[in-house]
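Novice:
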Amino acid sequence: MSAIAENLHRVQARIQAACQTAGRDPAGVRLLAVSKTFGADAVRQAHAAGQTAFGENYIQEGVDKIVALQDLPLEWHCIGPIQSNKTRLVAAHFDWVHSVDRLKTAERLSAQRPPELAPLQICIQVNIDGGDNKSGVLPGEALALAQAVVVLPRLQLRGIMTIPEPYEDPERTRAVHAQAHALWRQLQSQGLNLDTLSMGMTADMEAAVQEGSTMVRVGTAIFGRR
Ligand SMILES: *Cc1c(COP(=O)(O)O)cnc(C)c1O
Numbered sequence: 002m003s004a005i006a007e008n009l010h011r012v013q014a015r016i017q018a019a020c021q022t023a024g025r026d027p028a029g030v031r032l033l034a035v036s037k038t039f040g041a042d043a044v045r046q047a048h049a050a051g052q053t054a055f056g057e058n059y060i061q062e063g064v065d066k067i068v069a070l071q072d073l074p075l076e077w078h079c080i081g082p083i084q085s086n087k088t089r090l091v092a093a094h095f096d097w098v099h100s101v102d103r104l105k106t107a108e109r110l111s112a113q114r115p116p117e118l119a120p121l122q123i124c125i126q127v128n129i130d131g132g133d134n135k136s137g138v139l140p141g142e143a144l145a146l147a148q149a150v151v152v153l154p155r156l157q158l159r160g161i162m163t164i165p166e167p168y169e170d171p172e173r174t175r176a177v178h179a180q181a182h183a184l185w186r187q188l189q190s191q192g193l194n195l196d197t198l199s200m201g202m203t204a205d206m207e208a209a210v211q212e213g214s215t216m217v218r219v220g221t222a223i224f225g226r227r
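All letters in the sequence shown, in the order written, are residues 2 to 227 by the numbering used here.
So this is what it looks like as structure tokens:
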């Protein structure tokens with residue numbers, strides 16, 4: 002078995018154990034393998050071990066991999082910041098975008114999504130804990146952006162994505178995840194049909210699963226250090 006396959010199985014076991022602790026059905030937590038900085042070969046190995054959903058931060062790097070791996074039935078998620086001059090590439094190549102934090106970006110993605118492709122699946126990135134160097138709308142701005150995005154014709158709004166600051170104290174991280182979950186529920190209570198809470202990475206996937214994550218984005222624990 003490849004090292005990547007072994008790592009994937011370890012991550013799956015961690016998610017399962019966290020689900021068991023939280024009394025959750027493991028079917029309710031998807032694993033997104035974050036392949037940024039790793040080559041197409043690494044993605045092939047992960048796919049051979051059963052992984053189908055991959056996340057990329059850097060648009061051009063992601064698109065190069067998507068094109069190189071067109072022979073495989075993979076689902077590609079853009080999880081990094083998107084400048085306006087990159088929206089066309091994203092709309093043409095990715096299946097999901099987790100990092101929408103401006104209406105202008107969403108409008109461009111909708112306008113540029115090729116008609117022959119399924120709607121682009123969207124999460125709004127929310128800066129839950131107000132970290133300075135981070136993308137994302139503040140929690141109080143999330144509802145207005147979600148309501149503006151949900152009517153765009155070529156997008157399908159699925160939920161929210163968060164990246165907590167790297168706290169020393171895991172309880173603090175968990176508290177931020179709990180806030181994200183509360184916001185997600187609040188948006189649902191406003192009539193938005195959301196099924197995705199994208200939160201949790203290598204260091205905090207257990208805490209995220211405990212607090213209701215439906216999709217963890219894991220890079221290091223699968224592919225190794227960057
Ligand atoms: C890099 C990255 C990840 C994966 O982080 P790891 O700590 O390597 O698991 C997840 N989400 C986003 C937005 C990232 O940029």
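Cβ coordinates follow ideal geometry from the N, Cα and C atoms, glycine included.
Would you kindly report the start and end of the unbroken beta strand (DSSP E) that includes GLY160?
Specialist: 156–162
Novice: Terminal residues of the continuous alpha helix (DSSP H) containing VAL64?
Specialist: 60–69
Novice: In whole angstroms, what separates the C-alpha of VAL12 from that of ARG218?
Specialist: Taking the Cα positions, VAL12 is about 11 Å away from ARG218.
Novice: Suppose the cutoff is 7 Å on Cβ atoms and the five residues either side in sequence are ignored; what does the same chain contact list for ILE16 look like?
Specialist: PRO27, VAL30, LEU32, MET206, VAL210, VAL217
Novice: From this set, ARG186, ALA47, ARG25, which residue's C-alpha is nearest ALA143's C-alpha?
Specialist: ARG186
Novice: From which residue to which residue does the alpha helix (DSSP H) around VAL150 run?
Specialist: Run containing VAL150: 140–150, per the alpha helix (DSSP H) assignment.
Novice: Less than 6 Å between C-beta atoms, sequence neighbours within five positions excluded: which residues of the same chain meet that for ARG227?
Specialist: The residues are THR38.
Novice: My guess is that HIS99 and VAL64 are in contact by the Cβ rule of under 8 Å, so how many angstroms apart are they, rounded?
Specialist: Rounded, the Cβ-Cβ distance is 16 Å, inconsistent with contact.
Novice: I'd like the span of the alpha helix (DSSP H) that includes ARG109, first residue to last.
Specialist: 104–113
Novice: Does the segment 60–76 come within contact of the segment 100–117, defined as at least 3 CB pairs closer than 8 Å?
Specialist: no
Novice: Just to check, is the beta-carbon of ILE5 closer than 7 Å to a non-hydrogen atom of ligand 1?
Specialist: no
Novice: Mind checking VAL152: buried by the 16 CB within 10 Å criterion, or exposed?
Specialist: exposed
Novice: Compute the minimum distance between the beta carbon of LYS66 and the heavy atoms of ligand 2, and state whether it is under 7 Å.
Specialist: For the structure depicted, ligand 2 is absent and the ligand set comprises only ligand 1.
Novice: What three-state label does DSSP hand MET2 in the structure shown?
Specialist: coil
Novice: Note down, in chain order, each residue of its chain lying with its Cβ closer than 7 Å to the Cβ of GLN122, except the 5 sequence neighbours on either side.
Specialist: ASP96, TRP97, GLN157, ARG159
Novice: With distances taken between CB atoms, is the gap from ALA47 to LEU73 smaller than 8 Å?
Specialist: no
Novice: Apart from the five residues just before and just after THR53, which ones in its own chain have a Cβ nearer than 8 Å to its Cβ?
Specialist: Only PRO74, LEU75, GLU76 meet the Cβ criterion.
Novice: Do the segment 189–198 and the segment 164–172 make contact, defined as three or more Cβ pairs closer than 8 Å?
Specialist: Verdict: no, contact absent.
Novice: Can you find the residues in the same chain that come closer than 7 Å, C-beta to C-beta, to ALA41, ignoring five residues on each side of it along the sequence?
Specialist: When the five nearest sequence neighbours on each side are left out, the beta carbons in the same chain lying within less than 7 Å of the beta carbon of ALA41 are those of LYS66, ALA69, LEU70, in order along the chain.
Novice: SER3 and ALA50 look like a contact to me (Cβ under 8 Å); what is the Cβ gap, rounded to whole Å?
Specialist: 7 Å
Novice: Quick one: is the Cβ of ALA222 within less than 7 Å of any heavy atom of ligand 1?
Specialist: Within the chosen limit of 7 Å, ligand 1 reaches the beta carbon of ALA222 through at least one heavy atom.
Novice: Measure from the alpha carbon of SER130 to the alpha carbon of each residue in VAL150, ARG175, GLY56, VAL91, then state which is nearest.
Specialist: Correcting the residue type first, residue 130 is Asp in the shown sequence and not Ser. That would be ARG175, whose Cα lies nearest to the Cα of ASP130.
Novice: Does any heavy atom of ligand 1 sit closer than 7 Å to the C-beta of ILE80?
Specialist: yes
Novice: By Cβ distance below 8 Å, which residues in the same chain neighbour ALA149 in space, the five residues on each side in sequence not counted?
Specialist: Cβ within range, chain order: LEU104, ALA107.
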